[in-house]
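Below: one structure, written as structure tokens.
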């Protein structure tokens, strides 16, 4: 299915940029990004598996959200800092609420009760509390100090970004080395889900898909303003909901498939690990990369974005507390996501 989508929508997206730019370019690029992100994920999984648990796990973690990072970089280069921040918020909320909620609902409709490793899930939620702290401190500092805080927000964000990257590296050490046994269930079930590709083929697919994402993301960003004007969306809604759903499409399908196979450990790991990568890797990298780009991106998010991530982290943690899930808990997570989506739709 994904290759069929790619064969149809990728050339249409390229053609639309040159022959009828605007809303159609945004729509076609959005659809084309879904199979491209999926191919990147599959190629990364194959290469990571062949490299072994150490280097493979590091590569998988680094490339896990490459599509989101590329889209955010394209938006940052075009000066859409508000869209970049909103896409970070949306990616985190999408994984914690939409991806996890859909997986729990799908699995719960097939199995009355599903179990997962509570310790691993709560470890992921603890990391997300750290991310919430990093995103709320600049906002609270600005609110407390007023205009006087503006001149220190960027250096503060750079310092926090360095801390987040260090913690991210240590979290990889935890999951890949010192406490890898907590994630043994996910590793045991992963190989059968991967395509039978050689390392060379997987590398070619990864490079090709990455190049495709770079091109399509650039065209998508150029068409954002036209899409906003045509659909009546705000920059915040486009970043939090639309771009986030596009970037998370691969995780959506994989997590749901794992839940349907009663592999809830893997479904929870996909949701929490992807959120962790966005918060502790993608966001800090964007702050640091903004320096040579002359954009000076900060980690100061809006009150609503900080509150949304706090609600999402809290909701996912509540589900993880007992090590069991059912379809109603999936509905709850999706309901929280829908309520936040409505709120972001009305934010100017």
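In the UniProt record's numbering, the protein residues as written are 1 to 348. Positions of the beta carbon are idealized from the N, C-alpha and C atoms, including for glycine. In this text the structure is predicted, and so the values were computed from the model without any measurement.
Residue i versus residue j - alpha carbon distance
i: residue 28; j: residue 108; result: 33 Å
i: residue 257; j: residue 41; result: 15 Å
i: residue 131; j: residue 287; result: 14 Å
i: residue 30; j: residue 85; result: 18 Å
i: residue 272; j: residue 293; result: 30 Å
i: residue 340; j: residue 196; result: 40 Å
i: residue 246; j: residue 235; result: 15 Å
i: residue 80; j: residue 218; result: 12 Å
i: residue 255; j: residue 100; result: 7 Å
i: residue 37; j: residue 333; result: 24 Å
i: residue 230; j: residue 104; result: 35 Å
i: residue 191; j: residue 46; result: Low confidence applies here, because residue 191 scores a pLDDT of 44, under 50, leaving its location unreliable; read the following figure in that light. Distance between the alpha carbons of residue 191 and residue 46: 8 Å.
i: residue 72; j: residue 342; result: 23 Å
i: residue 147; j: residue 291; result: 22 Å
i: residue 125; j: residue 289; result: 27 Å
i: residue 232; j: residue 261; result: 40 Å
i: residue 338; j: residue 252; result: 16 Å
i: residue 200; j: residue 65; result: 22 Å
i: residue 328; j: residue 117; result: 19 Å
i: residue 300; j: residue 145; result: 13 Å
i: residue 10; j: residue 216; result: 8 Å
i: residue 308; j: residue 98; result: 13 Å
i: residue 220; j: residue 122; result: 36 Å
i: residue 68; j: residue 248; result: 8 Å
i: residue 7; j: residue 242; result: 22 Å
i: residue 323; j: residue 129; result: 19 Å
i: residue 226; j: residue 75; result: 14 Å
i: residue 4; j: residue 111; result: 31 Å
Buried or exposed by the 16-neighbour rule on C-beta atoms within 10 Å, applied to residue i
i: residue 19; result: exposed
i: residue 198; result: exposed
i: residue 113; result: exposed
i: residue 48; result: buried
i: residue 207; result: exposed
i: residue 344; result: buried
i: residue 395; result: Missing from the structure shown is residue 395; the chain here goes from 1 to 348 and no further.
i: residue 17; result: buried
i: residue 150; result: exposed
i: residue 127; result: buried
i: residue 166; result: exposed
i: residue 164; result: buried
i: residue 239; result: buried
i: residue 348; result: exposed
i: residue 115; result: exposed
i: residue 313; result: buried
i: residue 263; result: buried
i: residue 268; result: buried
i: residue 13; result: buried
i: residue 155; result: exposed
i: residue 346; result: exposed
Under the three-state DSSP convention, the category residue i falls into
i: residue 324; result: strand
i: residue 263; result: coil
i: residue 277; result: helix
i: residue 115; result: strand
i: residue 233; result: coil
i: residue 223; result: coil
i: residue 154; result: helix
i: residue 11; result: helix
i: residue 292; result: helix
i: residue 347; result: coil
i: residue 198; result: coil
i: residue 268; result: helix
i: residue 20; result: coil
Opening and closing residue of the alpha helix (DSSP H) in which residue i lies
i: residue 142; result: 118–145
i: residue 84; result: 81–93
i: residue 174; result: Per DSSP, residue 174 belongs to no alpha helix (DSSP H) and is neither H nor E.
i: residue 298; result: Taken as a continuous stretch (DSSP letters only), residue 298 belongs to no alpha helix (DSSP H), as it is neither H nor E.
i: residue 36; result: 23–51
i: residue 67; result: 66–77
i: residue 246; result: 244–247
i: residue 102; result: 100–110
8 Å Cβ cutoff, residue i in contact with chain D
i: residue 326; result: This model lacks chain D altogether; it includes just one protein chain.
Q.
I want to know whether the stretch 84–99 touches the stretch 277–284 - three or more CB-CB distances under 8 Å.
A. yes
Q. Does the stretch 164–179 touch the stretch 135–142, meaning 3 or more C-beta pairs lie closer than 8 Å?
A. In short, these stretches do not touch, since the Cβ pair count stays below three.
Q. For the 8 Å Cβ check, are there 3 or more pairs between the stretch 315–332 and the stretch 200–215?
A. no
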